[in-house]
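See structure below.
Protein chains in written order, with the numbering used here: chain A, 127 to 309; chain B, 181 to 648.
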């Protein structure tokens, strides 16, 4: 599959429930650090020229207090939290990235209790955890995506400019047909 | 998946094997050529001279020398949409092949396609129904065999089906692999525990058969470790036909995932069962087994329509299952059928009401997608075909076969069903659901059918896969 370099616009939206001092997040794409933001910030946008097959968008939650964390069986159940409420890349991949393609690189130094829980219950503490849309551990959250994926999703006409819905065809096409039939 | 099973059998028998996925290469080469990809493959349209040159050029890029020198060439015809290319390929390259040529697969059974190729002397054998034993007998030269060039019995010993062999497969190139990571198809059962009136599965498999849940989970773990599979998609009609086997499967994978650095994930078709069937622990283990997405045949918001379909679950059962699915962070796709023969306007409104009631699950992506399909099609071999007289189903074009989607009865005709389908499309978009149509261009499909009806004919591509 031949892939071409593409200029892509990223829109990141945050939803925060901050207790204590406002946390900071660092944002980057692949090896490039893009911004250091102090929350609450509602939106951050940037454009990039994607030329490789695979890319990593990452968000590092780099200052957050952990006194308010409540855990059950090692899982965080109540905490200061920040959610990547809406994230889009060229209006197409928000859903995939938030739900399917993320992982967390945990710095265990800041979470000894969670590390202990893993060691005791699972025998080891993984350095990479499965995806999480909640940025509630002081860690780097990595969202992977690929240009083939983008091609795949574009093929199925994921075109809604508000990136909330994944459409198969413009509704107008359906409505034109309906109008003909009703008349 | 079928080629991987055939490869496993051939290797068990000591054969050297190779595998080329024409579908994959074809897709990459022609996905932007709408005349070949849509018009020719799906609608039996005509090729242009340039298309023919492009097809020959395409074949020259494949392992054609290897194919021509093989002792046995097995061709899996995936669906009706693979028939145009298969016929064209055999017409142009069969004479160059030294070995015997065998066709099988779901596309061979459609409209006696395999028998037609056999009559035209384009193949030496065709296999319909399950191919495991037939394939063995062909490789062993043990012919004639029931199921080779004729209808044969179903496989009785399902546990003897080998673990699929995906050597030579370029797994990373498949679209699903690019979305979910390396993905392969697997099967834990054949047939169905239901006999839904709209479905033709009983015409293929009279009885439901399934693998032991523990063994099936071990199979996935094996495949995960050998091929670095990241996601499995079940080809089964339903993953939870046997509650015991499903429980064992989920429990075994839960234990594996609890300590795995890279846990297994899977998706598949799931049937709603009465609320009492599954306990809290079952839902927890389902989640922990790595389920990513469940495809659920809800079919209709009307209980009376679902009762006639023999789906055997109530709206309360849907509510219970969906609450658990949401609670445990599982995602699902709803499959709906618009225009079932007993569906009245009031029934259809109940489907719209159901979608409205579940909007909150669209917004939190518990219901990731709704598939509305191509409106109700009456499949040959389905119980509905036997109920046509009772349901007063007739052809919209007098004197022509009344199969497919263009039938009519007292409750609806094709025009009514298209309007309902579009109303449902409007509704799901307004409510925030994703709409899934698979590879189909729904509007173009409807327009072609309407044109056919206007010209007093029903095209033979009517009998296709409608439900997305």
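Built from N, CA and C at the ideal position, the CB exists for glycine as well. Everything numeric in this text was worked out from a predicted model, so none of it was measured.
As assigned by DSSP and simplified to three states, the class of residue i
i, result
"residue 242 of chain B", "coil"
"residue 255 of chain A", "strand"
"residue 631 of chain B", "helix"
"residue 164 of chain A", "strand"
"residue 185 of chain A", "strand"
"residue 328 of chain B", "strand"
"residue 388 of chain B", "coil"
"residue 474 of chain B", "strand"
"residue 614 of chain B", "strand"
"residue 186 of chain B", "helix"
"residue 217 of chain A", "In this prediction, residue 217 of chain A has a pLDDT of 38, which is less than 50 and means its spatial position is unreliable; nothing more can be read from the coordinates."
"residue 292 of chain A", "Note on residue 292 of chain A: pLDDT 38, under 50, position unreliable in the model; no value is reported."
"residue 214 of chain B", "helix"
"residue 250 of chain A", "coil"
"residue 374 of chain B", "coil"
"residue 483 of chain B", "helix"
"residue 606 of chain B", "helix"
"residue 191 of chain B", "helix"
"residue 488 of chain B", "helix"
"residue 294 of chain B", "helix"
"residue 128 of chain A", "Residue placement at residue 128 of chain A is flagged as unreliable, the pLDDT there being 35, under the threshold of 50; a coordinate-derived value is accordingly withheld."
"residue 247 of chain B", "helix"
"residue 236 of chain B", "helix"
Contact set between residue i and chain B, taken where Cβ atoms lie within less than 7 Å
i, result
"residue 304 of chain A", "599, 602"
"residue 241 of chain A", "Here the premise fails: no neighbours, minimum Cβ distance about 15 Å."
"residue 252 of chain A", "441"
Residues that residue i contacts on chain A, provided the C-beta gap is smaller than 9 Å
i, result
"residue 438 of chain B", "247, 248"
"residue 623 of chain B", "295, 299, 300, 302, 303"
Cross-chain neighbours of residue i in chain B, by beta carbon under 9 Å
i, result
"residue 308 of chain A", "599"
Beta-carbon proximity list for residue i, same chain, < 6 Å, skipping 5 on both sides
i, result
"residue 613 of chain B", "542, 550"
"residue 480 of chain B", "486, 531"
"residue 219 of chain B", "225"
"residue 504 of chain B", "463"
"residue 428 of chain B", "393, 394"
"residue 222 of chain B", "261"
"residue 524 of chain B", "591"
"residue 497 of chain B", "452, 454, 455"
"residue 561 of chain B", "380, 383"
N- and C-terminal bounds of the alpha helix (DSSP H) containing residue i
i, result
"residue 449 of chain B", "Careful: residue 449 of chain B lies outside any alpha helix (DSSP H), inside the beta strand (DSSP E) at 445–450."
"residue 463 of chain B", "460–468"
"residue 354 of chain B", "Element bounds for residue 354 of chain B: n/a, residue is neither H nor E."
"residue 229 of chain A", "From DSSP, residue 229 of chain A is part of no alpha helix (DSSP H) but of the beta strand (DSSP E) over 228–232."
"residue 206 of chain B", "202–210"
"residue 303 of chain A", "297–308"
"residue 271 of chain B", "263–273"
Chain-order list of residues whose beta-carbon lies under 8 Å from that of residue i (same chain, five-residue window excluded)
i, result
"residue 204 of chain B", "350, 353, 354"
"residue 343 of chain B", "188, 399, 402, 403"
"residue 426 of chain B", "393, 419, 420"
Partners in chain B for residue i, counting only beta-carbon separations shorter than 8 Å
i, result
"residue 297 of chain A", "605, 606, 609"
Residue range of the unbroken beta strand (DSSP E) whose run includes residue i
i, result
"residue 363 of chain B", "363–366"
"residue 170 of chain A", "169–176"
"residue 255 of chain B", "252–256"
"residue 653 of chain B", "The question about residue 653 of chain B has no answer, for chain B in this structure spans 181 to 648."
"residue 403 of chain B", "Premise fails: residue 403 of chain B lies in the alpha helix (DSSP H), 393–407, not in any beta strand (DSSP E)."
"residue 316 of chain B", "Residue 316 of chain B -> not in any beta strand (DSSP E); alpha helix (DSSP H) instead, spanning 312–319."
"residue 150 of chain A", "150–155"
"residue 282 of chain B", "280–284"
"residue 414 of chain B", "411–414"
Cutoff 8 Å: residue i Cβ touching any chain D Cβ
i, result
"residue 408 of chain B", "Annotation note: the requested chain D is absent from the structure, which comprises protein chains A and B."
Chain-order list of residues whose beta-carbon lies under 7 Å from that of residue i (same chain, five-residue window excluded)
i, result
"residue 288 of chain A", "Below a pLDDT of 50, predicted positions are generally treated as unreliable, and residue 288 of chain A, at 32, falls in that range; the measurement from the model is reported next regardless. No residues qualify anywhere along the chain."
"residue 490 of chain B", "374, 375, 376, 377"
"residue 246 of chain B", "198"
"residue 572 of chain B", "589, 590"
"residue 317 of chain B", "323, 325, 328"
"residue 348 of chain B", "198, 199"
Listed by chain order, chain A residues near residue i by CB distance under 7 Å
i, result
"residue 627 of chain B", "303"
"residue 595 of chain B", "307"
Closer than 7 Å: residue i CB and nearest the ligand NAD heavy atom
i, result
"residue 616 of chain B", "The ligand NAD is not part of this structure, which contains no ligands at all."
As an exercise, report each continuous beta strand (DSSP E) stretch of at least 3 residues that is fully enclosed by the region 496–575 of chain B, in chain order. 511–516, 547–551
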